[in-house]
């Protein structure tokens with residue numbers, strides 16, 4: 226019932242208004258294509274939550290969008306070209322290209338009984354289009370059909386410097402994907418913040434692979450002091466992730482987390498500290514590889530002094546993965562600009 230009401234309500238939208246709004250925005254910031262795709266994705270996500278997944282062979286993405294707005298659906302051109310490797314079938318379901326942006330819907334199906342594809346499947350940034358220019362991309366799963374072991378994804382690709390994606394054909398491919406992810410989110414009961422003490426044994430990594438946070442000083446980043454990892458760590462909230470040390474350096478709380486084998490399984494997460502009133506502690510964090518450049522350390526530095534530590538509780542959010550599938554999947558298909 227809710228789905229019918231949703232489709233009926235959105236169906237009242239005038240297609241001409243959608244297209245006119247698209248064209249009007251194009252004249253200003255050239256972002257209409259992206260906005261339209263975001264609208265489509267939002268609608269599809271709402272529908273796939275309440276509507277049984279259709280068979281991939283009838284191009285469900287195109288059919289769902291077409292039911293809502295034929296004008297919007299016309300931006301997506303059916304492709305339905307596929308390839309197979311390592312028992313996995315990849316199909317380019319449909320695509321849309323506008324100026325320097327491309328949206329590509331693909332489906333992945335496990336043709337074996339290994340169940341390597343699930344609702345957590347991630348293309349792990351290994352996807353690409355064969356173009357001679359730098360590009361930016363994002364990927365998100367749209368739906369998963371457990372009965373057919375099939376997942377559908379939307380990939381958005383934007384070429385840098387506003388270079389148009391020209392030509393008569395486009396090649397899309399990827400080399401690997403990960404799946405069977407596990408998630409943990411909640412209070413870290415085993416991490417006793419009151420045991421944090423002043424630390425004298427510190428070091429500064431030769432180089433950092435990343436940094437972020439609400440209190441990040443880029444000028445001082447190169448001199449950041451970090452904790453020395455403790456053998457065996459302090460606590461492991463989930464397999465593959467370990468808190469390797471904790472303590473105060475220069476009156477700021479440091480918590481160091483080690484993520485195993487991030488190059489293969491993309492293990493990641495963060496620890497947030499809240500006081501008794503629910504306020505989040507200010508922080509910044511830096512990350513650096515281990516000596517083998519397989520795992521990565523994340524050093525989170527909170528603006529909390531030893532006198533304040535008893536007012537805070539630690540919460541964690543972590544994602545780990547246990548399966549990686551490699552192969553070579555690539556499809557070259559006709560390119561049609563939707564301008």
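Numbering (this note's numbering), first residue to last: 226 to 564. Yeah, the Cβ is synthetic: ideal placement off N, Cα and C, and Gly gets one too.
What's the C-alpha gap between residue 449 and residue 474?
-> Along the chain shown, read from residue 1 onward, the residue named residue 449 stands at position 224. Along the chain shown, read from residue 1 onward, the residue named residue 474 stands at position 249. Taking the straight line joining both Cα atoms gives about 10 Å.
Nearest residue (CA-CA) to residue 510, options 520, 496, 502 and 500 | On the chain shown, residue 510 is found 285 positions in, with the first residue counted as 1. Among 520, 496, 502 and 500, the Cα nearest to that of residue 510 is on 496.
Taking the DSSP output, what are the residues bridged to residue 379?
-> In the chain shown, the residue the question calls residue 379 occupies position 154. BP columns for residue 379 point to 330 and 365.
Return helix, strand or coil for residue 171, following the three-state DSSP convention.
-> Because the chain is modelled from 226 through 564, residue 171 falls outside the range shown and cannot be assessed.
Excluding sequence positions up to five away, which residues of its chain have a Cβ less than 6 Å from the Cβ of residue 467?
-> Working through the chain shown from its first residue, we reach residue 467 at position 242. Cβ neighbours of residue 467 beyond the five flanking positions: 458, 461 and 483.
Return the CA-CA distance between residue 415 and residue 535, expressed in angstroms with no decimal places.
-> Here residue 415 is taken as the residue at index 190 of the chain shown, counted from 1. Here residue 535 is taken as the residue at index 310 of the chain shown, counted from 1. If you draw a straight line from the Cα of residue 415 to the Cα of residue 535, it comes to about 15 Å.
Per DSSP, residue 537 is paired with what?
-> Mapped onto the chain shown, residue 537 falls at position 312. Per DSSP, 500.
Three-state secondary structure (DSSP) at residue 335?
-> Locating residue 335 in the chain shown gives position 110, where the first residue counts as 1. In this structure, DSSP gives residue 335 an extended state, which the three-state scheme calls strand.
Using alpha carbons as the reference points, say which of 446, 464 and 425 lies closest to residue 544.
-> The residue given as residue 544 occupies position 319 in the chain shown. For the residues 446, 464 and 425, the minimum Cα distance to residue 544 belongs to 464.
So the alpha helix (DSSP H) residue 487 belongs to, where does it begin and stop?
-> Taking the chain shown and counting its residues from 1, the one referred to as residue 487 is at position 262. First-last of the alpha helix (DSSP H) with residue 487: 487-490.
Out of 451, 554 and 480, point me to the one whose CA is closest to residue 352's CA.
-> Residue mapping note: residue 352 aligns to position 127 of the chain shown, counting from 1. Of 451, 554 and 480, the residue nearest in Cα terms is 554.
Measure the alpha-carbon distance for residue 388 versus residue 324 and round it to whole angstroms.
-> Taking the first residue of the chain shown as 1, we reach residue 388 at position 163. Taking the first residue of the chain shown as 1, we reach residue 324 at position 99. C-alpha separation (whole angstroms): 8 Å.
Between the stretch 365-377 and the stretch 499-515, do three or more beta carbon pairs fall short of 8 Å?
-> Put simply, the stretch 365-377 does not touch the stretch 499-515. Fewer than three CB pairs are less than 8 Å apart.
Measure the CB-CB distance between residue 478 and residue 403 and report whether it falls below 9 Å.
-> Here residue 478 refers to the residue found at position 253 of the chain shown. Here residue 403 refers to the residue found at position 178 of the chain shown. When the beta-carbon positions are compared, residue 478 and residue 403 stay at least 9 Å from each other.
Report the option in 429, 344 and 345 whose CA atom is closest to the CA atom of residue 515.
-> Translated into positions along the chain shown, residue 515 becomes position 290. Considering only alpha carbons, the answer is 429.
With which residues is residue 303 paired in a DSSP beta bridge?
-> Taking the first residue of the chain shown as 1, we reach residue 303 at position 78. The partner list for residue 303 (beta bridge, DSSP) reads 319.
With a CB to CB cut of under 6 Å and the five nearest residues on each side skipped, what residues in its chain are close to residue 557?
-> Taking the first residue of the chain shown as 1, we reach residue 557 at position 332. These residues qualify, in order along the chain: 394 and 396.
With DSSP collapsed to three states, give me the class of residue 588.
-> Residue 588 is absent from the structure shown; the chain starts at 226 and stops at 564.
CA-to-CA distance, residue 372 to residue 520, given in whole angstroms | Against the chain shown, residue 520 aligns to sequence position 295. Against the chain shown, residue 372 aligns to sequence position 147. For the pair residue 520 and residue 372, the Cα-to-Cα distance works out to about 35 Å.
Rounded C-alpha distance that separates residue 455 from residue 378 = Sequence index remark: in the chain shown, residue 455 carries index 230 (1-based). Sequence index remark: in the chain shown, residue 378 carries index 153 (1-based). The alpha-carbon atoms of residue 455 and residue 378 are separated by roughly 41 Å.
From residue 363 to residue 433, what distance separates their C-alpha atoms?
-> If you number the chain shown from 1, residue 363 lands on position 138. If you number the chain shown from 1, residue 433 lands on position 208. Distance from the CA of residue 363 to the CA of residue 433, rounded to the nearest whole angstrom, comes to 24 Å.
Through-space distance from residue 494 to residue 405, alpha-carbon basis | Here residue 405 refers to the residue found at position 180 when the chain shown is read from its first residue. Here residue 494 refers to the residue found at position 269 when the chain shown is read from its first residue. Using only the alpha carbons, I get a separation of about 16 Å.
Should residue 257 be labelled buried (16 or more other beta-carbon atoms within 10 Å of its own) or exposed?
-> On the chain shown, position 32 is the one that residue 257 refers to. Residue placement at residue 257 is flagged as unreliable, the pLDDT there being 40, under the threshold of 50; a coordinate-derived value is accordingly withheld.
Collapsed DSSP secondary structure at residue 370 in the structure displayed | Counting from 1 along the chain shown, the entry for residue 370 is found at position 145. In the three-state reduction of the DSSP assignment, residue 370 falls in the strand class, which pools E and B.
From 313, 542, 361 and 424, pick the residue whose C-alpha is nearest to that of residue 346; which is it?
-> Walking along the chain shown from the start, residue 346 turns up at place 121. Comparing Cα positions, the closest option is 313.
Expressed to the nearest angstrom, what Euclidean distance is found between the alpha-carbon atoms of residue 542 and residue 451?
-> Here residue 542 is taken as the residue at index 317 of the chain shown, counted from 1. Here residue 451 is taken as the residue at index 226 of the chain shown, counted from 1. Answer to the nearest angstrom: the Cα atoms are 22 Å apart.
Rounded to a whole number of angstroms, what is the C-alpha to C-alpha distance between residue 342 and residue 326?
-> Walking along the chain shown from the start, residue 342 turns up at place 117. Walking along the chain shown from the start, residue 326 turns up at place 101. Between residue 342 and residue 326, the C-alpha separation is close to 28 Å.
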